[in-house]
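What follows is a short report on a single structure.
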Amino acid sequence: MYKTFSELKKELRKDSKGLKNVKVALLGDTATQFLNVALKGTAISEGINLEIFEADFGQISRQILDPSSEYYEFNADYTIIFESSHKLLGQYYKSYNSESVFAENKISYIDELYRTIQSRIKSRVIYCNFPGINNQVFGNFSSKVESSFVFQQNKLNYLLSAELAIKNDDFFIADLLSIQNKWGRDFMFSPNIYINTEMVLSLDVLPVIAHHMVSIISSLEGKFKKCLILDLDNTTWGGIIGDDGLEKIQIGSLGIGKAFTEFQYWVKALQKRGIILAVCSKNDEDKAKEPFEKHPDMVLKLDDIAVFVANWENKADNIRKIQQILNIGFDSMVFLDDNPFERNLVRENLPEVCVPELPEDPAEYLEYLYSLNLFETASFSENDTERTKQYQVEAQRTIALESFTNVEDFLESMNMVSDVQPFNNFSKPRVSQLTQRSNQFNLRTIRYTEQDVDHLINSENHFTMSFTLEDKYGDNGLICVIVMERKDTETLFIDTWLMSCRVLKRGMEDFTLNTIVEAARNNGYKYVVGEYIPTAKNQMVADHYERLGFTMQNDRWILAVDDYKYKNVYINNKL
Numbered sequence: 134m135y136k137t138f139s140e141l142k143k144e145l146r147k148d149s150k151g152l153k154n155v156k157v158a159l160l161g162d163t164a165t166q167f168l169n170v171a172l173k174g175t176a177i178s179e180g181i182n183l184e185i186f187e188a189d190f191g192q193i194s195r196q197i198l199d200p201s202s203e204y205y206e207f208n209a210d211y212t213i214i215f216e217s218s219h220k221l222l223g224q225y226y227k228s229y230n231s232e233s234v235f236a237e238n239k240i241s242y243i244d245e246l247y248r249t250i251q252s253r254i255k256s257r258v259i260y261c262n263f264p265g266i267n268n269q270v271f272g273n274f275s276s277k278v279e280s281s282f283v284f285q286q287n288k289l290n291y292l293l294s295a296e297l298a299i300k301n302d303d304f305f306i307a308d309l310l311s312i313q314n315k316w317g318r319d320f321m322f323s324p325n326i327y328i329n330t331e332m333v334l335s336l337d338v339l340p341v342i343a344h345h346m347v348s349i350i351s352s353l354e355g356k357f358k359k360c361l362i363l364d365l366d367n368t369t370w371g372g373i374i375g376d377d378g379l380e381k382i383q384i385g386s387l388g389i390g391k392a393f394t395e396f397q398y399w400v401k402a403l404q405k406r407g408i409i410l411a412v413c414s415k416n417d418e419d420k421a422k423e424p425f426e427k428h429p430d431m432v433l434k435l436d437d438i439a440v441f442v443a444n445w446e447n448k449a450d451n452i453r454k455i456q457q458i459l460n461i462g463f464d465s466m467v468f469l470d471d472n473p474f475e476r477n478l479v480r481e482n483l484p485e486v487c488v489p490e491l492p493e494d495p496a497e498y499l500e501y502l503y504s505l506n507l508f509e510t511a512s513f514s515e516n517d518t519e520r521t522k523q524y525q526v527e528a529q530r531t532i533a534l535e536s537f538t539n540v541e542d543f544l545e546s547m548n549m550v551s552d553v554q555p556f557n558n559f560s561k562p563r564v565s566q567l568t569q570r571s572n573q574f575n576l577r578t579i580r581y582t583e584q585d586v587d588h589l590i591n592s593e594n595h596f597t598m599s600f601t602l603e604d605k606y607g608d609n610g611l612i613c614v615i616v617m618e619r620k621d622t623e624t625l626f627i628d629t630w631l632m633s634c635r636v637l638k639r640g641m642e643d644f645t646l647n648t649i650v651e652a653a654r655n656n657g658y659k660y661v662v663g664e665y666i667p668t669a670k671n672q673m674v675a676d677h678y679e680r681l682g683f684t685m686q687n688d689r690w691i692l693a694v695d696d697y698k699y700k701n702v703y704i705n706n707k708l
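Residue numbers (my numbering): 134 to 708.
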């Protein structure tokens, strides 16, 4: 999600006309010119134009304590003060016999700077805390030696929060310590660059630090994320509720289920903080809600969800529906989905929505999300915890209007290709697996063992087809299975039609029917007949044949091959 420093430099070439102008003073005890660039580039990406006054490094005290300084002439809205851990260590070494009170003395100095600023201008102060340096004078024993630098630095970081940030409304901390904990000291700091240039921050870490700082400014300027929209299958829990059932989805304390449980605890903590939670899932609503209501290991409950949307429409439309109910900006929404197609569909249709590129491995979800600092806030009150209930009530009052985005252009840009093959020994295991696991998009829910599939391969009375689907974002693998039985010289009966729900709304249904009709025509059949056998899980395809143009006769769906007009699709046959 982070742009490189070079990419942030390119942002500066963009026209800033129309962006909100904010004045920022940047004061540091080491070189800050590259941080200046990163801040400006990051802010433009966030829709803010920063006008920055950058003092020469080493002038923090002079600029703030001198009432006639250039700093006060600039009259900044925000003042960023960056004091480095390396200069702090130098100050500690020179403190001589006052090492045990070094942190208190430093806090008094910072407090004086803050109060001086507040007495002269109304600039909010963003102060950087101190990434750790262990100078190994005492080793691990340093935590038991009050006069050690490690002890004093840890105490100083604590006092910044306890003595300054909590007690002063306009004092905020840019948490560089947490950035170093996440990204590592070697990523953050290069000794050679520091010695030769007086820069303590690497070019690689500058976009991360700039993002954290700009996030504070953005939140204070009213631009922040307030809603988290969750996909369910393989995002909130492991597995597919419609296919696997309640007992087999993965949550709890074992295996990969642990990753989803810890993810839910994080989401629950956000909800308690006041982040609005919504669900946007391709599912039957009753199936989607079942884990929230019945699974003993679910951390999230229905009461935690402000708006719950589960249907088979495209997710961009459903996020529009959520937005209409909540009446918040798309730019305040974050959408999490494990499926690259769904992520890109939302990005194409709703570019203001933040859509993180979740890792493929659910075990990595949380660490990745931690690194993004998505939900920066500048305030918190106990009333924030009531926000979900407020939106739930509002949702009950609102009748969501169905609105569909035009996704044709997006589908065309996908460069979708399908490889259509008769069943063979290579596809046999996957075909069997799909028939065993697919419950929702499954017209007759016939199960096949590998031995059954082998029989179909060698049967003279059956046509078999397996479909893969590949697009510019990746390969979905084998996602559709068709078995057709010869009933007589004129009729082919669709014994099995099942498809992975991962590829719904891409035109795969139409592409499959085109392929079925073409096979029927090539082999001299006049009719294709389908049947829907309802189950507890396949309601989503109850009107499947009707939507595709079949006619009901004697409890079967009939399609006349000669009358069929091929449907327009954006999927090509793989050559």
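Using N, Cα and C, we set each Cβ at its ideal position, and we do this for glycine too.
8 Å Cβ cutoff met for residue i and residue j
| i | j | result |
| --- | --- | --- |
| Ala295 | Phe305 | no |
| Glu618 | Asp608 | no |
| Ser465 | Phe357 | yes |
| Ile185 | Asn169 | yes |
| Pro562 | Glu583 | yes |
| Thr601 | Asp470 | no |
| Gln573 | Lys670 | yes |
| Ile243 | Leu160 | no |
| Trp316 | Val338 | yes |
| Gln313 | Phe235 | no |
| Gly378 | Ile384 | no |
| Pro424 | Trp370 | yes |
| Leu709 | Phe263 | This structure leaves residue 709 out entirely; the chain is present only between 134 and 708. |
| Lys220 | Asp162 | yes |
Local conformation of residue i per DSSP, three classes
| i | result |
| --- | --- |
| His428 | coil |
| Tyr291 | helix |
| Gln554 | strand |
| Val155 | strand |
| Lys599 | First, the residue type needs correcting, since residue 599 is Ser and not Lys in the sequence shown. In this structure, Ser599 counts as strand in the three-state DSSP scheme. |
| Gly355 | coil |
| Phe706 | Residue 706 is actually Asn in this sequence, not Phe. The answer is strand: DSSP assigns Asn706 an E or B state. |
| Ile266 | coil |
| Met685 | strand |
| Asn594 | coil |
For residue i, the residue or residues it bridges with in DSSP
| i | result |
| --- | --- |
| Ile627 | Met617 |
| Met321 | According to DSSP, Met321 bridges with nothing at all. |
| Gly663 | Trp690 |
| Gln383 | Gly371 |
| Ile362 | Ala411, Phe468 |
| Ile185 | Val157 |
| Arg257 | Tyr211 |
| Asn169 | BP columns for Asn169 are empty, so no partner. |
| Met547 | Beta-bridge pairing links Met547 to no other residue. |
| Asp604 | Gly607 |
| Met632 | Cys613 |
| Asn460 | DSSP output for Asn460 lists no bridge partner at all. |
N- and C-terminal bounds of the alpha helix (DSSP H) containing residue i
| i | result |
| --- | --- |
| Ser194 | 193-198 |
| Arg570 | 561-570 |
| Asn701 | Looking at the DSSP string, Asn701 is not in any alpha helix (DSSP H), and its letter there is neither H nor E. |
| Arg648 | According to the sequence as given, residue 648 is Thr; it is not Arg. From DSSP, the alpha helix (DSSP H) with Thr648 extends over 641-655. |
| Pro473 | 473-482 |
| Phe138 | 138-144 |
Between the CA atoms of residue j and residue i - distance to the nearest angstrom
| i | j | result |
| --- | --- | --- |
| Asn594 | Leu625 | 10 Å |
| Gln457 | Arg406 | 23 Å |
| Ser536 | Arg453 | Model confidence at Ser536 stands at a pLDDT of 37, short of 50, so the residue's coordinates are unreliable; what they give is reported in the following sentence. Going from the Cα of Ser536 to the Cα of Arg453 covers about 8 Å. |
| Asp585 | Gly462 | 53 Å |
| Tyr211 | Gly191 | 19 Å |
| Ala188 | Ser202 | 10 Å |
| Lys227 | Ser218 | 14 Å |
| Ser592 | Val616 | 11 Å |
| Val270 | Val278 | 11 Å |
| Leu766 | Lys638 | A query on residue 766 cannot be resolved here, the shown segment of the chain reaching from 134 to 708 and no further. |
| Met632 | Asp376 | 11 Å |
| Val479 | Asn325 | 44 Å |
| Asp696 | Asn477 | 37 Å |
| Met431 | Ile382 | 11 Å |
| Arg689 | Val661 | 10 Å |
| Thr597 | Phe644 | 16 Å |
Opening and closing residue of the beta strand (DSSP E) in which residue i lies
| i | result |
| --- | --- |
| Thr212 | 211-215 |
| Asn444 | 440-444 |
| Ala307 | 304-307 |
CB contact check: residue i to chain B, cutoff 8 Å
| i | result |
| --- | --- |
| Leu469 | This model lacks chain B altogether; it includes just one protein chain. |
Contact test: residue i Cβ vs the ligand GDP heavy atom, cutoff 7 Å
| i | result |
| --- | --- |
| Ser217 | Ligands in the displayed structure: none, and consequently the ligand GDP is not present. |
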